[in-house]
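Student:
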Amino acid sequence: MRRLHVGIDDHDSPEGGCTTHFAAIAVKILFELGAVFEDYPLLVRLNPSIPWKTRGNAAVAFRVLLPEGRVEDAVEALLQASSEYRGATRHPTSSPGMVFAVDTDPGAFRAIYRKALSDLITPELAARYVERLGAYVPNEYRGARGVVGAAAALGALLDGEDYTFELLAYRSPEHWGTPRLVDPASVERMDRETRPYTFNNYDPQERRVLITPHGLDPILLGIRGESPDVLRRALELVEVGEPIDAWLIFRSNQATDAHYVPRSIAGLRPYQAGIIDAVVVEAPWVLPKGHVILRVSDGSGSIDAAFYEPTRVLPRVARGLVKGDKLRLYGVVKPASTTRGLTFNVEKLEVVEIVETFKLVNPVCPRCGYRMTSAGRGKGFKCRRCSYRDPGAAKEKVPVPRSVEPGIYVPAPSAMGHLVKPLQRYGMEKSAVRRPLSAEEWSWYR
Ligand SMILES: [Zn+2]
Numbered sequence: 006m007r008r009l010h011v012g013i014d015d016h017d018s019p020e021g022g023c024t025t026h027f028a029a030i031a032v033k034i035l036f037e038l039g040a041v042f043e044d045y046p047l048l049v050r051l052n053p054s055i056p057w058k059t060r061g062n063a064a065v066a067f068r069v070l071l072p073e074g075r076v077e078d079a080v081e082a083l084l085q086a087s088s089e090y091r092g093a094t095r096h097p098t099s100s101p102g103m104v105f106a107v108d109t110d111p112g113a114f115r116a117i118y119r120k121a122l123s124d125l126i127t128p129e130l131a132a133r134y135v136e137r138l139g140a141y142v143p144n145e146y147r148g149a150r151g152v153v154g155a156a157a158a159l160g161a162l163l164d165g166e167d168y169t170f171e172l173l174a175y176r177s178p179e180h181w182g183t184p185r186l187v188d189p190a191s192v193e194r195m196d197r198e199t200r201p202y203t204f205n206n207y208d209p210q211e212r213r214v215l216i217t218p219h220g221l222d223p224i225l226l227g228i229r230g231e232s233p234d235v236l237r238r239a240l241e242l243v244e245v246g247e248p249i250d251a252w253l254i255f256r257s258n259q260a261t262d263a264h265y266v267p268r269s270i271a272g273l274r275p276y277q278a279g280i281i282d283a284v285v286v287e288a289p290w291v292l293p294k295g296h297v298i299l300r301v302s303d304g305s306g307s308i309d310a311a312f313y314e315p316t317r318v319l320p321r322v323a324r325g326l327v328k329g330d331k332l333r334l335y336g337v338v339k340p341a342s343t344t345r346g347l348t349f350n351v352e353k354l355e356v357v358e359i360v361e362t363f364k365l366v367n368p369v370c371p372r373c374g375y376r377m378t379s380a381g382r383g384k385g386f387k388c389r390r391c392s393y394r395d396p397g398a399a400k401e402k403v404p405v406p407r408s409v410e411p412g413i414y415v416p417a418p419s420a421m422g423h424l425v426k427p428l429q430r431y432g433m434e435k436s437a438v439r440r441p442l443s444a445e446e447w448s449w450y451r
């Protein structure tokens with residue numbers, strides 16, 4: 006048996022293409038060639054701030070064993086399928102990529118994965134990097150943006166990295182473009198019955214179903230959770246009124262905070278993702294649409310941190326912050342749009358320490374208990390009620406209760422980025438890779 010690694014990215018298009026849908030076709034092709042999957046198919050989210058990303062910037066990777074002599078057939082069949090898929094869903098803004106590696110230790114590709122999670126890489130650099138490690142980048146993909154995600158996906162989700170699973174169910178072609186027949190009440194019930202082993206599938210506050218995408222793409226629904234078992238059970242609990250063509254369970258870096266690299270403000274570059282530890286240096290500034298801007302500094306420099314309204318939680322907390330509060334900010338860097346320099350778009354906020362705030366009030370009359378008034382500049386205070394005077398009296402500091410408490414704040418599920426770890430996953434992190442037991446555990450075709 007030979008080991009084949011396949012990375013795929015950017016087969017999306019607004020006319021119905023989708024990298025994860027192409028993945029379902031590719032998995033079937035590999036099954037037919039006798040492939041044994043050494044790992045679940047991988048659904049790999051990459052740097053969310055990349056300006057030209059399609060949808061969620063998701064790539065896919067496979068790690069399979071193939072009978073001797075079948076590797077070339079597999080590569081050829083996948084290239085053929087990709088070309089047909091793109092022919093059917095061609096779109097000017099997509100730039101598909103596929104990368105192959107045979108018998109290479111995927112650990113060799115870990116560095117490019119880490120880089121693609123939190124930084125900007127060109128397709129040329131990605132191709133050169135993985136080719137040096139023995140990977141094969143077919144000529145037709147040379148220069149394509151999708152090469153970056155395809156190359157990076159090869160090195161994703163190795164031992165020691167946290168992961169989750171997502172079950173994707175695919176629609177039958179005759180239903181593409183029609184409303185998805187998924188019963189919202191059953192999704193709410195599924196969410197209640199499978200928590201905390203599933204997450205971000207339903208927003209109870211907004212009463213909003215989050216498992217169904219919109220638009221033309223062939224995905225019927227996607228359920229996110231901690232194990233293949235819980236996802237298969239969750240799918241049974243959801244009432245679907247249309248045929249399902251196939252479903253696959255992917256192992257994923259979604260909801261793991263994988264893209265956050267500790268950084269200093271002075272070192273930040275546009276489109277990087279990271280964590281900064283900083284102190285509030287100016288009062289929050291509320292923009293007309295409810296977004297909040299907060300100037301923060303870490304000693305190396307200062308930057309505007311932006312908290313966007315759709316996240317609901319983040320601007321509400323940011324509004325209550327004051328100068329001196331210590332924060333840990335998780336987010337992505339956006340290029341300068343104002344004279345104030347770069348902006349750090351906050352995806353998650355930790356209030357580490359809050360300062361005490363005070364207001365100054367006039368002192369109380371020691372004789373009658375009435376609050377005194379100023380006796381004039383530098384003359385202390387006098388009592389209007391009993392005429393007591395105290396030239397030495399000064400204003401008193403009275404503590405003002407804070408509206409914000411230390412803690413971790415994440416956006417509402419409907420506004421949370423794919424990679425952002427929700428609060429309910431804290432303590433559920435996994436580090437040892439779980440290998441699939443059988444293909445039936447994670448795949449089904451009609
Ligand atoms: Zn008095």
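Under the numbering used here, think of the first position of the sequence shown as 6, with each following residue one higher.
C-beta atoms are modelled at their ideal positions from N, C-alpha and C, and glycine is treated no differently.
#1: For Q372, which residues of its own chain have a beta-carbon under 6 Å away from its beta-carbon, when the five flanking residues on both sides are left out?
#2: Is the Cβ-Cβ distance between M433 and E198 less than 8 Å?
#3: Return the CA-CA distance between D395 and V403, expressed in angstroms with no decimal places.
#4: Would W252 be called buried (16 or more neighbouring beta carbons within 10 Å of its own) or exposed?
#5: Quick one: what's L253 bridged to in DSSP?
#6: Please list the terminal residues of the continuous beta strand (DSSP E) segment that includes G385.
#7: Which one or two residues does DSSP pair with H10 in a beta bridge?
#8: State the CB to CB distance for the pair T25 and D14, rounded to an integer number of angstroms; the pair is presumed to be in contact (CB under 8 Å).
#9: Looking only at its chain, what residues have a beta carbon closer than 7 Å to the beta carbon of V360, apart from the 5 residues adjacent to it on each side?
#10: Grouping DSSP H, G and I as helix and E and B as strand, with all else coil, what is K120?
#11: Report the residue from V337, L273, N367 and A283 whose alpha carbon sits nearest the alpha carbon of P56.
#12: Looking at the unbroken alpha helix (DSSP H) that takes in V403, where does it start and where does it end?
#13: Taking just the CA atoms, how far does E352 sit from A271?
#14: Any idea what DSSP makes of Y90, helix, strand or coil?
#15: In whole angstroms, what is the alpha-carbon distance linking S305 and V322?
#16: Starting from the Cα of P189, find the closest Cα among T217, H180 and T183 and give me that residue.
#17: Where are the beta strand (DSSP E) runs, 3 residues long or more, that stay fully inside the segment 298-336, in chain order?
#18: With burial defined as no fewer than 16 other Cβ atoms inside 10 Å of the residue's Cβ, what is the status of R137: buried or exposed?
#19: Can you say whether A259 is buried or exposed, counting buried as having 16 or more other CB atoms within 10 angstroms of its CB?
#20: Provide the residue span of the beta strand (DSSP E) that contains D188, from first to last.
#21: Mark D44 as exposed unless 16 or more other C-beta atoms lie within 10 angstroms of its C-beta, in which case mark it buried.
#22: Is Y454 near ligand 1, with its Cβ less than 7 Å from a heavy atom?
#23: Taking Cβ to Cβ, would you say A132 is nearer than 8 Å to V152?
#24: Considering only C-alpha positions, which residue in the set L292, T316 and T169 is nearest to P233?
#25: Can you name the start and end residues of the alpha helix (DSSP H) that K33 belongs to?
#26: In terms of residues, what are the limits of the alpha helix (DSSP H) holding G1?
#27: Which residues in the same chain as A310 place their Cβ atom closer than 6 Å to its Cβ, once the five residues preceding and following it in sequence are excluded?
Tutor: In terms of the structure at hand:
#1: According to the sequence provided, residue 372 is Arg. The question's Gln does not apply to it. Answer for R372: C391 and Y393, listed in chain order.
#2: no
#3: 20 Å
#4: buried
#5: L173 and S448
#6: First-last for G385: undefined, no H or E at that position.
#7: R68 and A106
#8: At roughly 11 Å, the Cβ-Cβ gap does not stay under 8 Å, so T25 and D14 are not in contact.
#9: V327, G329 and D330
#10: helix
#11: V337
#12: Taken as a continuous stretch (DSSP letters only), V403 belongs to no alpha helix (DSSP H), being part of the beta strand (DSSP E) at E401 to V405.
#13: 20 Å
#14: helix
#15: 25 Å
#16: T217
#17: 307-312
#18: exposed
#19: The residue asked about is misnamed: residue 259 is Gln in this sequence, not Ala. Per the 10 Å Cβ criterion, buried.
#20: Neither: D188 is in no beta strand (DSSP E) and is coded neither H nor E.
#21: buried
#22: One cannot answer for residue 454 here, as it falls past the ends of the chain, which runs 6 to 451.
#23: yes
#24: T169
#25: T24 to E37
#26: It is not possible to answer for residue 1, since the shown part of the chain is limited to 6 through 451.
#27: L299, V301, L334, F349 and V351
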